[in-house]
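Only one structure is covered here, and it is reproduced in the block below.
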Amino acid sequence: MKKSLIHRILLTLILGVFVLATASAQDAVFLHGSTHKATLALHAGNACEWKIYKVLDFADQKDANPAAADEFTFKDGIDNAANVDITWKKPGKYYLIVEEFNDGLGGCSTRRAFAIEVIESATIEFKELVSNDCSNVGNTFETELTIGTSGIDDSKFYPIQVYYSIDGAPVATPITVTESKSLVFNDLAIIPEHTDKNQIITILSAKDKYGGDIKVTLTGGVNIHTRTLYGIPIVDDINY
Numbered sequence: 119m120k121k122s123l124i125h126r127i128l129l130t131l132i133l134g135v136f137v138l139a140t141a142s143a144q145d146a147v148f149l150h151g152s153t154h155k156a157t158l159a160l161h162a163g164n165a166c167e168w169k170i171y172k173v174l175d176f177a178d179q180k181d182a183n184p185a186a187a188d189e190f191t192f193k194d195g196i197d198n199a200a201n202v203d204i205t206w207k208k209p210g211k212y213y214l215i216v217e218e219f220n221d222g223l224g225g226c227s228t229r230r231a232f233a234i235e236v237i238e239s240a241t242i243e244f245k246e247l248v249s250n251d252c253s254n255v256g257n258t259f260e261t262e263l264t265i266g267t268s269g270i271d272d273s274k275f276y277p278i279q280v281y282y283s284i285d286g287a288p289v290a291t292p293i294t295v296t297e298s299k300s301l302v303f304n305d306l307a308i309i310p311e312h313t314d315k316n317q318i319i320t321i322l323s324a325k326d327k328y329g330g331d332i333k334v335t336l337t338g339g340v341n342i343h344t345r346t347l348y349g350i351p352i353v354d355d356i357n358y
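If you read the sequence shown in the working numbering, its first letter stands for residue 119, the second for the next number, and so on.
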């Protein structure tokens, strides 16, 4: 008797940076270092297995070259569950292939492949490198960032965590940046002074929603914003 195939696999990838397949042929684009969940609607009693293969081009055979162990990790080493978390550790082109096995004696299975491109990083820098305020303006300040994503829809990256320093002193708590791309400071503790003072804000590092590294652009000092705080004039005694 001819073996019957299992029902068609229903597979959903919950992707951090999801791009529908176009001429480039990839199903998704991820940032290096990011972690994403893949979920299979596994039929009752069936088993499954996830595997990752590397290719030079998405037109290549999908399962010819298994990806190296240092290019990805399955969380807790689990690659045979309906839900798996995968950290993509190196840039490149990959096929994520899931195979579902039926629970009968026939040993039938079905596979499905997803083409995933892992890019080195997006980039982050200040849109404006200088600004100025009176030193009695208060403790809040806002400036805009530029996020470079090589044409990828950057809405999937947010919220972004931006780590920074003030006058060379790193600040432990990052600032959360939304799609507005505004870096908002609420507690700069500015003390009004009578002389001009420069405040140096430096972007140290940044990560996307899924922990992917966003590269800080250093060329030309675009990771540094110089804010000039003008001194408040001293009013002498008034004689009248």
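From the three backbone atoms N, C-alpha and C, an ideal C-beta is built for every residue, glycine too. Bear in mind the structure is a predicted one, so any value in this text is a computation, not a measurement.
Query	Result
Coarse secondary structure for threonine 264, derived from DSSP in three states	strand
Start and end residues, beta strand (DSSP E) containing glutamate 217	210-219
Paired residues, beta bridge with proline 351 - DSSP	In the DSSP output, where bridge partners are listed per residue, proline 351 has none listed.
Rounded C-alpha distance that separates aspartate 331 from lysine 315	33 Å
First through last residue of the beta strand (DSSP E) which encompasses glycine 255	Glycine is not the amino acid found at residue 255; the sequence shown has valine there. Counting along the chain, valine 255 falls outside any beta strand (DSSP E), and DSSP gives it neither H nor E.
Tyrosine 212 beta carbon less than 8 Å from that of isoleucine 196	no
Backbone CA spacing between asparagine 183 and aspartate 271 [nearest angstrom]	30 Å
Among Gln279, Ser298, Lys208, Glu297, nearest to valine 289 - alpha-carbon criterion	Gln279
Rounded C-alpha distance that separates leucine 149 from lysine 325	10 Å
Collapsed DSSP secondary structure at leucine 129 in the structure displayed	Caution is warranted here: a pLDDT of 47 is assigned to leucine 129, below 50, making its placement in the model unreliable, and the coordinate value is therefore given only provisionally. Residue state, collapsed to three classes: strand.
Boundaries (first-last residue) of the beta strand (DSSP E) holding lysine 172	165-173
Beta-ladder partner(s) of glutamate 246, from DSSP	Glutamate 246 is not bridged to any residue.
Buried versus exposed, by CB contacts within 10 Å (16 or more), cysteine 166	buried
Among Asp194, Ser249, Ala231, the one whose alpha carbon lies nearest that of isoleucine 345	Note on residue identity: the sequence assigns arginine, not isoleucine, to residue 345. The shortest Cα separation from arginine 345 among Asp194, Ser249, Ala231 belongs to Ser249.
Closest Cα partner of valine 353 within the set Leu336, Gly338, Thr320, His312	His312
Which residues DSSP lists as bridging serine 283, in chain order	Pro288, Thr320
Cutoff 8 Å; reference aspartate 251; Cβ partners in own chain excluding five residues on either side	Phe259, Arg345, Thr346, Leu347, Tyr348
Beta-carbon proximity check, alanine 231 vs lysine 193, cutoff 8 Å	no
Between the CA atoms of isoleucine 356 and leucine 329 - distance to the nearest angstrom	Note that residue 329 is glycine in the sequence shown here, rather than leucine. Looking at the two C-alpha atoms, the distance is approximately 60 Å.
Own chain, CB closer than 8 Å to leucine 247, minus 5 neighbours either side, in chain order	Gly339, Val340, Ile342, His343, Thr344
CA-to-CA distance, asparagine 164 to serine 142, given in whole angstroms	In this prediction, serine 142 has a pLDDT of 41, which is less than 50 and means its spatial position is unreliable; what the coordinates show is noted afterwards. Spanning the two alpha carbons is a distance of roughly 34 Å.
For threonine 337, the three-state DSSP class (helix, strand or coil)	helix
Outcome for glycine 151 when other beta-carbon atoms lying within 10 angstroms are tallied against a minimum of 16	buried
Reduced DSSP secondary structure (H/G/I, E/B, other) of serine 273	helix
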